[in-house]
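Engineer: Below: one structure in structure tokens.
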Amino acid sequence: MAGVTNMTGASNIQHHQVDAVIIGGGGAGLRAALQLAESGADVAVLSKVFPTRSHTVAAQGGIAAALGNVSDDNWLWHMYDTIKGSDYLGDQDAIEFMCRNAAKAIIELEHFGMPFDRLENGRIFQRPFGGMTRN
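Here the numbering used here is used: the first residue of the sequence shown is 10, the next is one more, and so on.
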């Protein structure tokens, strides 16, 4: 395959040496990149769009976490709904870990600058979803 050249015949291809390449600048990709960088790795993130235009920010489905900002909420209800939603086939230890730590993860995303819809009092907006026990 012939190389890409500019009008002077010089190559336009840039080469970079990194320890890890993350494909996607959404929440998961950027969090993985941050963790790798904090452990000393040289990381590159490739994304089609600017991070605040990624699916994590643009998704209409939201993120499930028991924050308790709008109604009575508890990580145990979140866990129950997740286990039930998996037809009891999900790894219940992993589900418990996820549900116990979901609020902490949301606060971390907020501190990283993720834009969330807000209530008038400044708290993160929450809404019920179908299948929620407390819905």
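For glycine and all other residues, C-beta sits at the position ideal for the given N, C-alpha and C. This one's a predicted model, so the numbers in the text were calculated from it and none came from an experiment.
1) Please report the straight-line C-alpha distance between residue 128 and residue 134, rounded to a whole angstrom.
2) Work out the CA separation of residue 103 and residue 32 for me, nearest whole Å.
3) What number of angstroms, rounded off, separates the C-alpha of residue 79 from the C-alpha of residue 138?
4) Below 7 Å CB to CB, which residues in the same chain sit around residue 42 once its five sequence neighbours on both sides are set aside?
5) On the criterion of 16 or more Cβ atoms from any shown chain inside 10 Å, does residue 21 qualify as buried, or is it exposed?
6) Does the Cβ of residue 15 have 16 or more other Cβ atoms within 10 Å, making it buried, or fewer, making it exposed?
7) Assuming residue 65 and residue 124 are in contact, meaning their beta carbons sit under 8 Å apart, how far apart are those beta carbons, in whole angstroms?
8) Report yes if the CB atom of residue 74 is closer than 7 Å to the CB atom of residue 112, and no otherwise.
9) From residue 92 to residue 23, what does the alpha carbon distance come to, in whole angstroms?
10) When the Cα atoms are used, what is the spatial distance from residue 10 to residue 28?
Structural biologist: With the given structure in hand:
1) Reading the sequence shown from its first residue, position 119 is the one you call residue 128. Reading the sequence shown from its first residue, position 125 is the one you call residue 134. Distance from the CA of residue 128 to the CA of residue 134, rounded to the nearest whole angstrom, comes to 5 Å.
2) The residue labelled residue 32 in the question sits at position 23 within the sequence shown. The residue labelled residue 103 in the question sits at position 94 within the sequence shown. Distance between the alpha carbons of residue 32 and residue 103: 25 Å.
3) Counting from 1 along the sequence shown, the entry for residue 79 is found at position 70. Counting from 1 along the sequence shown, the entry for residue 138 is found at position 129. Each residue's Cα considered, the two are about 13 Å apart.
4) Here residue 42 corresponds to residue number 33 of the sequence shown, with the count starting at 1. Excluding sequence neighbours, residue 42 sits near 31, 52 and 54.
5) Residue numbering aside, residue 21 sits at position 12 when the sequence shown is read from its first letter. Exposed, by the Cβ-count rule.
6) Position 6 of the sequence shown holds residue 15. Exposed: under 16 other Cβ atoms inside 10 Å.
7) As a working note, residue 65 is residue 56 in the sequence shown. As a working note, residue 124 is residue 115 in the sequence shown. The Cβ separation is near 10 Å, so there is no contact.
8) Against the sequence shown, residue 74 aligns to sequence position 65. Against the sequence shown, residue 112 aligns to sequence position 103. Yes, these two residues count as a Cβ contact at 7 Å.
9) Here residue 92 refers to the residue found at position 83 of the sequence shown. Here residue 23 refers to the residue found at position 14 of the sequence shown. If I take the Cα positions, the gap works out to 48 Å.
10) As a position in the sequence shown, residue 10 is number 1, starting the count at 1. As a position in the sequence shown, residue 28 is number 19, starting the count at 1. In this prediction, residue 10 has a pLDDT of 46, which is less than 50 and means its spatial position is unreliable; nothing more can be read from the coordinates.
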